[in-house]
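Below is one structure, written out as structure tokens; comments come after it.
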Amino acid sequence: MVLLPLTACEEADPSLMPGPEVASKLIGPDGGSLSSPDAVLTIEIPPGALASSIELSIQLTTTVPASIGTAYRVKPNMPLMMPAAVTYNFGGTDVSAYDVSRLTVGRAAADRFEPLEGASVDADKRTTTAPDPSLSFGYGLVVGTGNGGTTGDTDGSTSGDGSTGGSSSTTTGDATSGSSSGAVDSSGGSSSGTTTTGEPACGDGQVVPGELCLVDGTSVLVGVGPRALALADLDADTDLDLVVANGADDAISVRAGDGAGEFGLDTPYPVGNNPADLRIGEFTGDAELDVVVCNESAGNIGLLAGTGGGAFASQVVFDVGNLPRSFVIADIDEDTIDDLAVVNNATDDVSLLFGNGTGFDAATTVSVANAPVALAVADFTGDMNLDLATISGSALALRGGNGSGTFGAPANYDLTVAGTALWVADVNGDGDLDVAVVVELGDEVLVALGNGIGGFGPATPYPVGSGPLAIEGADLDGDGNLDLVVANGADTTITVLLGNGLGGFDDGGTFMVGNGPSDLAIGDVDGDGAPDVLVSVQSDDLVAVLLSDP
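In my numbering, the protein residues as written are 6 to 555.
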């Protein structure tokens with residue numbers, strides 16, 4: 006998994022208006038209201054809707070879908086115990102082309118706004134108000150299918166299909182996204198919309214090959230600036246638990262899964278400066294799972310040994326190169342003990358940390374090309390030894406392994422464009438490993454099929470969202486073929502690419518998760534046997550949960 010650059014945690018989202026264009030207020034269990042800086046959007050939270058105080062903010066934005074009027078970004082995204090009243094004042098908006106009686110507040114969902122139901126329009130005050138059982142990532146003004154009531158003089162005229170931002174609530178095609186279920190999470194999570202795809206209908210309990218069914222579960226509030234995440238059963242209760250690397254507060258968050266798709270209270274553990282990547286494995290010989298974290302700004306790897314029951318000891322650090330960006334776990338020297346390979350962006354090398362049964366030996370290094378950003382360790386040549394693949398700029402370099410922990414000279418494969426993240430699997434079923442490379446600046450993923458002897462065929466590009474950063478793969482639609490999931494770091498979405506089993510991919514849809522998706526983890530967190538998708542959302546300090554619901 007390849008994550009955000011060092012400075013990304015510290016930079017403001019350029020799509021959000023700076024300075025005075027943001028309003029914020031502390032609101033507690035007694036309720037309260039907040040209006041946007043231009044007084045267009047107002048959110049009123051009633052008494053009893055919150056269990057504890059939150060810092061509510063509203064900011065003008067361009068990252069949410071198009072709206073008839075101005076669109077707004079809201080933090081946090083979370084469920085409420087009682088619905089909030091969301092009011093949009095359209096007095097300064099040209100609505101002459103629309104039937105004013107049908108205007109409603111739109112809730113951001115993937116590539117459009119979903120109209121909130123039960124809206125009440127006051128044509129004299131030029132406002133529309135609708136209830137929302139959870140705070141959305143974004144709000145705008147759209148045309149709904151019908152409102153709870155209209156008062157005053159409706160002087161707007163009816164026009165065609167309504168707003169410019171996807172005002173219709175009809176869901177068709179390969180990927181759609183609906184409105185919030187409003188589930189309450191006592192552990193401090195959040196809930197957003199529902200997304201279903203495929204025929205017959207999702208949610209009927211019937212697993213149909215080729216049916217992609219992702220619904221928004223209860224998102225999980227974590228630390229500041231989450232950059233990476235991983236799933237594993239840490240407490241041996243058969244349920245997957247969640248670990249998150251929070252880049253901006255130098256800690257990891259550990260949350261126990263309940264087996265039904267939700268997670269318990271956050272247990273933080275301090276780590277090094279700016280943790281950028283993490284993985285889970287067993288490195289100390291006690292059969293307890295451990296957490297390994299890549300501390301990018303500290304230039305080291307932190308090992309947090311599991312002590313049982315999902316708890317961990319303080320980290321023990323192992324020095325590597327400068328700006329370690331990501332790492333992988335593999336038995337590189339074939340001694341049955343897992344090792345680490347760490348890509349160091351600023352020292353142009355890969356650090357090898359060989360496991361010794363209680364931790365790791367001091368690092369050895371493999372020099373690579375300038376400014377490497379991603380790596381993989383796998384058998385690309387078919388000789389049963391693990392090889393080392395790295396990405397530096399547009400070069401995919403492959404070094405053959407000899408099984409003893411050393412590698413040969415690189416063979417370079419020209420991607421023609423700079424890669425950002427790397428994923429390896431056999432996507433066409435021929436027994437040879439293939440690669441998928443994320444191209445952040447090109448908003449695409451390149452897939453190159455391997456020949457089994459260390460070479461690759463021409464790369465095929467597949468468009469995704471804006472600024473993709475991370476990629477994972479699994480069979481999401483149950484057809485036996487591997488699919489791809491891409492985190493689009495410069496917008497609010499992930500993209501699903503559905504594999505055809507022959508090495509090609511089709512568009513499986515775009516799903517909204519929050520602002521600044523940074524990493525992905527796939528696993529069955531609700532116990533229904535279908536893989537679910539979890540996404541760390543860096544700018545929102547949460548993990549979005551998309552549950553498979555066949």
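By construction, the Cβ of each residue, glycine as well, lies at the ideal position given by its N, Cα and C atoms.
Residue j beta carbon less than 8 Å from that of residue i
i    : j    : result
I48  : S38  : yes
S106 : L61  : no
S547 : L219 : Correcting the residue identity first, residue 547 is Leu in this sequence and not Ser. No, they are not a contact pair.
P34  : P52  : yes
A253 : V229 : yes
D388 : V373 : no
G222 : D246 : no
G405 : G459 : yes
A376 : N350 : yes
A128 : T109 : no
Y144 : L46  : yes
L309 : G364 : no
V491 : V450 : yes
S72  : L146 : yes
D545 : K80  : yes
G408 : D437 : no
N82  : G494 : no
F323 : A383 : no
For residue i: DSSP bridge partner residues
i    : result
D104 : BP columns for D104 are empty, so no partner.
A71  : For A71, which the question treats as bridged, DSSP gives no partner whatsoever.
R78  : Q64, G143
T133 : Y93, V126
L525 : V540
L120 : Checking the sequence, you will find Pro at residue 120 rather than Leu. According to DSSP, P120 bridges with G111.
L39  : I48
L245 : L245 is not bridged to any residue.
F332 : V347
F359 : DSSP output for F359 lists no bridge partner at all.
N327 : In the DSSP output, where bridge partners are listed per residue, N327 has none listed.
A501 : A quick correction: the sequence has Val, not Ala, at residue 501. DSSP lists V490, G514 as partners of V501.
N251 : P231, A256
Enclosing beta strand (DSSP E) for residue i [first to last residue]
i    : result
R232 : 231-237
E339 : E339 -> no beta strand (DSSP E), and no H or E assigned at all.
F142 : Careful: F142 lies outside any beta strand (DSSP E) and carries neither H nor E.
C299 : 295-300
P280 : 280-286
G642 : Outside the shown range of the chain, which is 6 to 555, sits residue 642, and nothing can be said about it.
D392 : 392-397
F516 : 510-517
N305 : 305-309
S319 : No beta strand (DSSP E) contains S319, which DSSP labels as neither H nor E.
F461 : Where F461 is concerned, there is no enclosing beta strand (DSSP E), given that its DSSP letter is neither H nor E.
G478 : 473-479
A381 : 377-383
L551 : 547-553
D488 : 488-493
P34  : That residue, P34, is in no beta strand (DSSP E); it is neither H nor E in DSSP.
E449 : 449-453
A430 : 426-430
S372 : 369-372
G405 : 400-406
P275 : 272-275
Spatially closest choice to residue i from the options, by CA coordinates
i    : options                : result
L391 : R112, D343, L420, T289 : D343
S356 : T363, G362, V348       : V348
D496 : T243, L481, E477, P473 : P473
L294 : S224, A430, G315       : G315
I499 : D524, F510, G508, N305 : D524
Q543 : L108, G447, P42, R232  : R232
A44  : W428, A71, A76, A128   : A76
L55  : I32, G519, G410        : I32
A1   : T341, D255, D338, N361 : Because the chain in this structure spans residues 6 to 555, residue 1 falls outside the shown range and cannot be described.
G508 : P415, A430, L328, V126 : A430
A416 : V322, D512, L393, G436 : L393
N361 : D338, E216, V378       : D338
A292 : A241, N305, I257       : A241
A549 : L481, F516, G532       : F516
Do the region 498-510 and the region 229-240 meet, that is, are 3 or more Cβ pairs less than 8 Å apart? No: the two stretches stay apart, fewer than three of their Cβ pairs being nearer than 8 Å.
Count the C-beta pairs between the region 531-544 and the region 251-268 that are closer than 8 Å, then say yes if the count reaches three, no if not. With a cut-off of 8 Å, the region 251-268 and the region 531-544 count as touching, because enough Cβ pairs lie within range.
At least 3 beta-carbon pairs within less than 8 Å: the region 432-448 vs the region 466-474: Enough Cβ pairs lie closer than 8 Å, so yes.
Cβ contact (3+ pairs, closer than 8 Å) linking the region 387-402 and the region 410-430: Verdict: yes, contact present.
May I ask you to verify whether the region 269-280 touches the region 289-303, counting CB pairs closer than 8 Å and requiring at least 3? Yes: the two stretches touch, three or more of their Cβ pairs being nearer than 8 Å.
Taking 8 Å as the threshold, find out whether the region 456-463 comes into contact with the region 477-489 through three or more Cβ pairs. Taking 8 Å as the limit for Cβ pairs, the verdict is that the region 477-489 does not touch the region 456-463.
Please confirm if the region 81-97 is in contact with the region 135-150, defined as three or more CB-CB distances below 8 Å between the two stretches. In short, these stretches touch, since the Cβ pair count reaches three.
Is the region 324-343 close to the region 281-290, with three or more CB pairs under 8 Å? Contact holds: three or more Cβ-Cβ distances are below 8 Å.
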